[in-house]
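So the structure is just underneath, and the comments pick up after that.
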Amino acid sequence: MRATLAMMQSRLNEQPHLLRLGQLFSETVLLEVDGAEFYLTFRDGHLIQIAEGPSRKTPWRFALRTDADALAQFWQPRPRPGFHDIFGFVKIGRGRIDGDILALVKNLRFFKEFMALGRTAPQKEKVA
Amino acid sequence: MTFEPITGRYLTVTVQGRNQRIYVEMAGEGRPVLCLHTAGADTRQWRHILNDAGLTANHRFFAFDMPWHGKSLPPEGFQTEEYLLTTDAYVETVLAVARTLGLDRPILAGCSMGGRIALQLAALHADRFSGFIAIEASDFQPAWYDIDWFHRPDAHGGEMGAALVSANISPHAPEAERWNTLWMFMQSGPGVFRGDLSFYTRDDSLIARLSRIDTARTPVHLLVGAYDLTCTPEDARRTAAAIPGATCTVMDELGHFPMSEHPAGFRPFFADALARMKVPAHV
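Heads up: the protein sequence lines correspond to chains A and B, in order. Mapping of the first sequence onto the working numbering: position 125 corresponds to residue 126, and the numbering continues sequentially without gaps. Mapping of the second sequence onto the working numbering: position 219 corresponds to residue 1681, and the numbering continues sequentially without gaps.
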């Protein structure tokens, strides 16, 4: 998981439009995967730190809690229904979002596109 | 220069005693079909259907922007009002537009809140229509979110609304059409998406009315995308099951805005739905 997050961190720095969208986003987000905690600290749209838990001392603004299989499916080029969006995890009972939800919603496009950076690009569909 | 076949005109209708200037787009010749857009968007969602030569060869499509949406202005005095759509106002608006356009028992095709009101009209005013295509439509959906998020002074409601509804777009949708679809939400007027969601997430009056829909007189067909998190296939199937004689088709690779997000994928399902709307006997 940490390697994937590091890859996403690197990809984020190569996405000028995302850095622009996130320029006012300076928060710590808790990503919990199968109970393992990853504290993602963003500053001005850049992911500046990935810290592994457990930690009871690290403040976070909002949390996305899910499992590794759900994330693996989310990162498929064309995920199955329910695995295609972080809110889908909640809908199908494979995740939970809590904390300051309004902070998430205000930065929703940025955060969802950041999360999707772990996704491999869809293959071009063959023309019959 | 080649224009698209869609033409747009304005008309004024009276709804609940107030004048509403409505923008209407139309295309085609033949049996009339009145099309309703989703919450927080406008008639542009139907652009591919109205530009489809195969469908417009024997159908005359009309799509209009609800008051406060797209190119329809809000009513006089809106600046001090809180926009909250109601079932009564919505029903009256659709009937007034159909009457002013002189439509003789059109097919009514609506998506999301447009599908919800299509089913309300099937229950309450079936004599004014010849069939109902309810897309991404269900009996009732309470909100899992706070609708007040989408109208507040410290954030852009349109951008937040677009980011939220993107959860309902299929990953099979072509990228350009995904973003065309989201753009309409980004452009939505302040408080309009919230006011639409008030109708969609708080008014459960349809549930008790579903059983009175007479599909022997007016067919009802539901279409639902598998990627729709707002109105899931389960929601649409439950709704169809409560309407004796209604049919329902699940569209495996589509989401909540099928005519806009993935026009090629939606077309065969919509053509099939139109074919299910049997021509009414002359009264």
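Ideal placement from N, C-alpha and C gives every residue a C-beta, glycine not left out.
Check                                                                                                                                                                                                        : Outcome
8 Å is my cut-off, CB to CB: does residue 1512 of chain B come that close to chain A?                                                                                                                        : no
Could you name the residues of the same chain whose beta carbon sits closer than 8 Å to that of residue 82 of chain A, not counting the 5 residues immediately before and after it, in chain order?          : 89
Does the beta carbon of residue 107 of chain A sit closer than 8 Å to a beta carbon anywhere in chain B?                                                                                                     : yes
Could you give the distance in angstroms between the alpha-carbon of residue 126 of chain A and the alpha-carbon of residue 1572 of chain B?                                                                 : Only weak support is given to the placement of residue 126 of chain A: the predicted model assigns it a pLDDT of 48, under 50, and the value that follows is read from those uncertain coordinates. Their Cα atoms are separated by approximately 30 Å.
Applying a beta-carbon distance threshold of less than 8 Å, which residues of chain A neighbour residue 1646 of chain B?                                                                                     : What residue 1646 of chain B touches in chain A: nothing, since even the nearest Cβ is about 15 Å away.
How is residue 1453 of chain B classed by DSSP in three states: helix, strand or coil?                                                                                                                       : Because chain B in this structure spans residues 1463 to 1745, residue 1453 of chain B falls outside the shown range and cannot be described.
Output the distance between the C-alpha atoms of residue 1566 of chain B and residue 1592 of chain B, rounded to the nearest integer angstrom.                                                               : 9 Å
Does residue 1651 of chain B come out as helix, strand or coil in the three-state DSSP assignment?                                                                                                           : coil
Tell me the rounded alpha-carbon separation between residue 1535 of chain B and residue 1503 of chain B.                                                                                                     : 14 Å
Excluding five sequence neighbours on each side, which residues of the same chain lie with their C-beta closer than 6 Å to the C-beta of residue 1562 of chain B?                                            : 1473 and 1475
With respect to the alpha helix (DSSP H) encompassing residue 1484 of chain B, which residues constitute its N-terminal and C-terminal limits?                                                               : Note, residue 1484 of chain B: premise wrong, no alpha helix (DSSP H); beta strand (DSSP E) at 1480-1489.
Excluding the 5 residues preceding and the 5 following residue 1527 of chain B in the sequence, name in chain order all residues of the same chain whose CB lies nearer than 6 Å to its CB.                  : 1485, 1504, 1505, 1533 and 1534
Mind listing the chain A neighbours of residue 1628 of chain B? Cutoff is C-beta to C-beta under 8 Å, in chain order.                                                                                        : 86, 110 and 113
Comparing C-alpha positions only, which one of B/1574, B/1607, B/1549 and B/1560 sits nearest to residue 1582 of chain B?                                                                                    : B/1549
Identify, in the order they occur along the chain, each residue of the same chain with its Cβ nearer than 6 Å to the Cβ of residue 1493 of chain B, setting aside the five sequence neighbours on each side. : 1521
Does DSSP put residue 54 of chain A in a helix, in a strand, or in coil?                                                                                                                                     : coil
Check whether the stretch 1642-1657 of chain B and the stretch 1538-1556 of chain B are in contact - that is, three or more C-beta pairs closer than 8 Å.                                                    : yes
What's the C-alpha gap between residue 128 of chain A and residue 79 of chain A?                                                                                                                             : Confidence is the limiting factor: at residue 128 of chain A the pLDDT is only 49, short of 50, which leaves the residue's position unreliable, though a coordinate-based value still follows. Cα to Cα, the separation comes out at about 18 Å.
Does residue 23 of chain A come within less than 8 Å of chain B when only Cβ atoms are used?                                                                                                                 : no
Give, in chain order, every residue of the stretch 1687-1700 of chain B whose Cβ lies closer than 7 Å to some Cβ of chain A.                                                                                 : 1688, 1689 and 1691
From the DSSP output, which residues share a beta bridge with residue 100 of chain A?                                                                                                                        : A/63
I need the straight-line Cα distance from residue 121 of chain A to residue 73 of chain A, nearest angstrom please.                                                                                          : 11 Å
Is the beta carbon of residue 43 of chain A sitting closer than 8 Å to the one on residue 51 of chain A?                                                                                                     : no
Within 8 Å (strictly less), CB to CB, does residue 82 of chain A reach chain B?                                                                                                                              : yes
Spell out whether any CB of chain A is found under 8 Å from the CB atom of residue 1720 of chain B.                                                                                                          : no
Return the chain-ordered list of same chain residues with a C-beta closer than 8 Å to the C-beta of residue 1733 of chain B, the five sequence neighbours on each side being excluded.                       : 1516 and 1517
Can you pull the chain A neighbours of residue 1621 of chain B, defined as C-beta to C-beta under 8 Å?                                                                                                       : 110
Decide if residue 108 of chain A is buried, meaning its Cβ has at least 16 other Cβ atoms within 10 Å, or exposed.                                                                                           : buried
Cβ closer than 8 Å: which chain A residues qualify as neighbours of residue 1611 of chain B?                                                                                                                 : 103 and 106
Looking at residue 1595 of chain B: is its Cβ nearer than 8 Å to the Cβ of residue 1720 of chain B?                                                                                                          : no
Within its chain, find whatever has a CB closer than 6 Å to the CB of residue 1710 of chain B; leave out the 5 residues flanking it on each side and keep chain order.                                       : 1684, 1698, 1699 and 1702
For the pair the stretch 1627-1635 of chain B and the stretch 1687-1698 of chain B, tell me if three or more CB-CB distances fall below 8 Å.                                                                 : yes
Among B/1624, B/1707 and B/1604, which has the Cα closest to the Cα of residue 1664 of chain B?                                                                                                              : B/1604
Below 6 Å CB to CB, which residues in the same chain sit around residue 2 of chain A once its five sequence neighbours on both sides are set aside?                                                          : 34
DSSP three-state label for residue 1465 of chain B, please.                                                                                                                                                  : coil
Considering residue 1713 of chain B, what are the terminal residues of the beta strand (DSSP E) in which it resides?                                                                                         : 1709-1713
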